[in-house]
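Novice: Residue 181 in the numbering used here sits at position 175 of the sequence shown, with consecutive numbering throughout.
Idealized CB from N, CA, C, for every residue including glycine.
Because the structure is a prediction, the values reported are computed rather than measured.
Let me begin by handing over the structure; questions about it come next.
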Amino acid sequence: MNGDENRPMSARPQRLIPPVLRAGTRRALLVGRHLWHELDRGQLNLHAMSLSFTTLLSLAPLLAVSFSVLKAFGVQDVLQPFLLSMLEPLGEQGQEIAGRIVSFVENIRVGVLGAIGLALLFYTVMALMQKIERAFNDVWRVSESRPLAQRFTHYLSVVIVGPVLLFAIISALTQFSGTAGQLPMVGGKLIAAFAHGVERITPYLMLAGTFAFIYIYVPNTRVRVTPALIGAALAALVWLFTGRLFADVVVRTGNYTAIYSAFAGLILAMLWLHIAWLILLLGASVSFALQNPHRVGHRSDAQPLPTAETALHLGSLIAEDFARAGKGLTAPALARQLDMRLDTLLPMLERLHAADILMHDDRDPPTWRPAAALDAITLERLIEQAEGMSANREESGAASAIIQRMHVARANALHGLTLRDLVSTPSKSHTENGDMPE
7 MNGDENRPMS ARPQRLIPPV LRAGTRRALL VGRHLWHELD RGQLNLHAMS
57 LSFTTLLSLA PLLAVSFSVL KAFGVQDVLQ PFLLSMLEPL GEQGQEIAGR
107 IVSFVENIRV GVLGAIGLAL LFYTVMALMQ KIERAFNDVW RVSESRPLAQ
157 RFTHYLSVVI VGPVLLFAII SALTQFSGTA GQLPMVGGKL IAAFAHGVER
207 ITPYLMLAGT FAFIYIYVPN TRVRVTPALI GAALAALVWL FTGRLFADVV
257 VRTGNYTAIY SAFAGLILAM LWLHIAWLIL LLGASVSFAL QNPHRVGHRS
307 DAQPLPTAET ALHLGSLIAE DFARAGKGLT APALARQLDM RLDTLLPMLE
357 RLHAADILMH DDRDPPTWRP AAALDAITLE RLIEQAEGMS ANREESGAAS
407 AIIQRMHVAR ANALHGLTLR DLVSTPSKSH TENGDMPE
């Protein structure tokens, strides 16, 4: 009898679905669950509200710096079309707002601002960029921002390179469309038809490219190109669809103008800025879920404190791997072996890294190893640093004496013990002599 005839009926349809489609469906459900948790958590909405207000205050200084860069290339006229495309959902109000912003920016003379005025101008731009980075770092679950010096050069490069990159994309697409339309041959007509199609989707391509640039360059972590492009493509689609819906439902009703009168344009601009930032952050969340499927799940802001047992098990895993001359262990692998959440483990790893107990490389994801010889890292220090502030907390009340006795007993029990004692078998590797890891 054929093996397929003995297979349960419920298993047969699964064979008809290609593995790629099954994997894609699972990944889509994973991303959807992650977006639901992030929206339910409320932080994305808070970041969007904060960024919309800050953007409204910092838009003129930001555009002034970008305008100066574009003016140096003699292409400052590209600023208004870009603003019009961003504010298109506002309809006539968007055109009016874009015209006033461009007029205001053109009247700013960066050369006569003086040292203090120029410093305030760049400070406003840097403050906006820092708030944007913090929002994206929260999406990517990165606790630390860039150092001050790196932050300045990084933000400045975004502000300067961004307008130049935008102009280069527009120029290339315009030149391609113009050249293709002048070709007389049959092949030229085909190219012209293709160029016409490219011209129609140019706003979408520009939007997706801008989003991908932001997703890759802004967070203080390594973002792979493919997840960034997928998140940017989805965010650009949602942006265009929401923009049309916003224009049809909100702007054309006229209710806002009737209620808010002269303030209608400002109210609509803030409302659209909030929606736009929320879409941008949702696209970043998609990129995060695609790159880190093992970290998807509802996260709680109150993480359980690591215990001494957890620290010892962690030290044992890393010491065993290092003694076998292994290549290091990734945080997801450690979390699986310790049977704990990655969001709980990562802060502990960062504390041990800051204390020069552990080190990691620049791989994606990074692998963790001891930062010193196994004999040089005591178990008492490992536990204290892993527990963080909880180990150094000042106790009071009736329990303080008992807690102090517990600390003394633990110190006596661990006296003289190092990571070397957590290795179960003798090592034949280079670590037998206590060599430092390279």
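Assuming Trp374 is part of the beta strand (DSSP E), what are its boundary residues?
Specialist: Its beta strand (DSSP E) spans residues Thr373 to Pro376.
Novice: If we call anything under 8 angstroms between Cβ atoms a contact, is Ala337 one with Leu323?
Specialist: Their beta carbons are not under 8 angstroms apart, which means Ala337 does not touch Leu323 by this criterion.
Novice: Going straight from the alpha carbon of Leu65 to that of Leu213, what length do you get?
Specialist: Their Cα atoms are separated by approximately 18 angstroms.
Novice: Under 8 angstroms by Cβ, that's how I've got Leu127 and Val37 pegged, so tell me the actual separation to the nearest angstrom.
Specialist: Actually they do not touch by this definition, with Cβ atoms about 40 angstroms apart.
Novice: When you compare each of Arg230, Val231 and Ala241 to Leu211 by their alpha carbons, which one comes out closest?
Specialist: Of the candidates Arg230, Val231 and Ala241, the one whose C-alpha sits nearest the C-alpha of Leu211 is Ala241.
Novice: Note down, in chain order, each residue of its chain lying with its Cβ closer than 7 angstroms to the Cβ of Ala238, except the 5 sequence neighbours on either side.
Specialist: Excluding residues within five positions, the ones whose Cβ falls inside 7 angstroms are Ala214, Phe217, Ala218, Tyr221 and Gly289.
Novice: Check Thr313 in the structure and name its three-state DSSP category.
Specialist: Three-state result, Thr313: coil.
Novice: From Asp352 to Thr130, what does the alpha carbon distance come to, in whole angstroms?
Specialist: Note that residue 352 corresponds to Leu in the displayed sequence, not to Asp. Near 33 angstroms, if we compare the C-alpha coordinates of Thr130 and Leu352.
Novice: Using a Cβ-Cβ cutoff of less than 6 angstroms, which residues in the same chain neighbour Ser433 once the five nearest sequence positions on both sides are dropped?
Specialist: In this predicted model, Ser433 has a pLDDT of only 44, less than 50, meaning its place in the structure is not dependable; the value taken from the coordinates is given anyway. Around Ser433: Ala329.
Novice: Is it right to say Thr31 is buried, meaning 16 or more other beta carbons lie within 10 angstroms of its own, or is it exposed?
Specialist: Exposed, since its Cβ has fewer than 16 Cβ neighbours within 10 Å.
Novice: Using beta-carbon positions only, say whether Leu385 and Pro376 come within less than 8 angstroms of one another.
Specialist: Contact: no.
Novice: Whole angstroms are fine: how far does the CA of Thr350 sit from the CA of Gln391?
Specialist: Near 15 angstroms, if we compare the C-alpha coordinates of Thr350 and Gln391.
Novice: Comparing C-alpha positions only, which one of Glu356, Ile408 and Ile107 sits nearest to Pro372?
Specialist: That would be Glu356, whose Cα lies nearest to the Cα of Pro372.
Novice: Would you mind sorting Ala341 into buried or exposed? The rule is 16 or more other CB atoms within 10 Å of its CB.
Specialist: Ala341 should be labelled buried.
Novice: What is the DSSP secondary structure of Thr424, counted as helix, strand or coil?
Specialist: DSSP places Thr424 in strand when its eight states are reduced to three.
Novice: What number of angstroms, rounded off, separates the C-alpha of Ala295 from the C-alpha of Ala405?
Specialist: The straight-line gap from Cα to Cα measures roughly 44 angstroms.
Novice: Sorted by chain position, which residues of the same chain lie with C-beta nearer than 7 angstroms to His40's C-beta, five sequence neighbours on each side aside?
Specialist: Excluding sequence neighbours, His40 sits near Ser291, Ala295 and Val302.
Novice: Evaluate His421 with the Cβ neighbour count: other Cβ atoms within 10 Å of its Cβ, from every protein chain shown; 16 or more gives buried, anything less gives exposed.
Specialist: The residue in question, His421, is exposed, as its Cβ has fewer than 16 Cβ neighbours within 10 Å.
Novice: I'd like to confirm the pairing. Which residues does DSSP put opposite Met365 in its beta bridges?
Specialist: BP columns for Met365 point to Arg375.
Novice: Mind checking which residues open and close the alpha helix (DSSP H) that includes Asp349?
Specialist: Leu348 to Ala360 is the span of the alpha helix (DSSP H), which, as asked, contains Asp349.
Novice: Near Leu90, which residues of its chain fall below 6 angstroms by C-beta distance, leaving aside the five closest residues on each side in sequence?
Specialist: The answer, listed in chain order, is Ala104.
Novice: Looking at Asn226: is its Cβ nearer than 8 angstroms to the Cβ of Asn143?
Specialist: The answer is yes: Cβ separation under 8 angstroms.
Novice: Where Met132 and Leu162 are concerned, what is the direct C-alpha to C-alpha distance, given to the nearest angstrom?
Specialist: Cα to Cα, the separation comes out at about 8 angstroms.
Novice: Using the rule of at least 16 other Cβ atoms within 10 Å of the residue's Cβ for burial, across every protein chain shown, is Ala155 buried or exposed?
Specialist: Exposed.
Novice: Look up Thr248 in the DSSP assignment and give the residues it is bridged to.
Specialist: Answer by DSSP bridge pairing: none, since Thr248 is not bridged.
Novice: Between Leu69 and Ile107, which are expected to be in contact by the criterion C-beta below 8 angstroms, what is the C-beta distance as a whole number of angstroms?
Specialist: Confirmed, about 7 angstroms.
Novice: Take Met354 as the anchor and find which of Arg416, Arg47, Val165 and Ser149 has the nearest alpha-carbon.
Specialist: Minimum Cα distance to Met354 is reached at Ser149.
Novice: CB Ala54 to CB Leu246, shorter than 8 angstroms?
Specialist: No. Outside cutoff.
Novice: Using a Cβ-Cβ cutoff of less than 6 angstroms, which residues in the same chain neighbour Glu44 once the five nearest sequence positions on both sides are dropped?
Specialist: Excluding residues within five positions, the ones whose Cβ falls inside 6 angstroms are Leu50 and Ser291.
Novice: Which class does Leu274 belong to by DSSP, given the choice of helix, strand or coil?
Specialist: Three-state DSSP puts Leu274 in a helix.
Novice: Within 10 angstroms of its Cβ, does Ser293 collect 16 or more other Cβ (buried), or is it exposed?
Specialist: It is buried - the Cβ of Ser293 has at least 16 other Cβ atoms within 10 Å.
Novice: Taking 8 angstroms as the cut-off, decide whether the C-beta atoms of Leu279 and Ser58 are in contact.
Specialist: Yes, the pair counts as a contact, with Cβ atoms nearer than the cut-off.
Novice: For Ala397 and Pro25, what's the separation of their Cα atoms in angstroms?
Specialist: Caution applies to Ala397, whose pLDDT of 45 falls short of 50 and renders its modelled position unreliable; the value that the coordinates give is listed next. In a straight line, the C-alpha of Ala397 is about 49 angstroms away from that of Pro25.
Novice: Any idea what DSSP makes of Ile285, helix, strand or coil?
Specialist: The answer is helix: DSSP assigns Ile285 an H, G or I state.
Novice: List the residues that DSSP assigns as beta-bridge partners of Thr384.
Specialist: Its beta-bridge partners are Thr424.
Novice: Just to confirm before moving on: does the CB-CB distance between Val244 and Ile207 stay below 8 angstroms?
Specialist: No.
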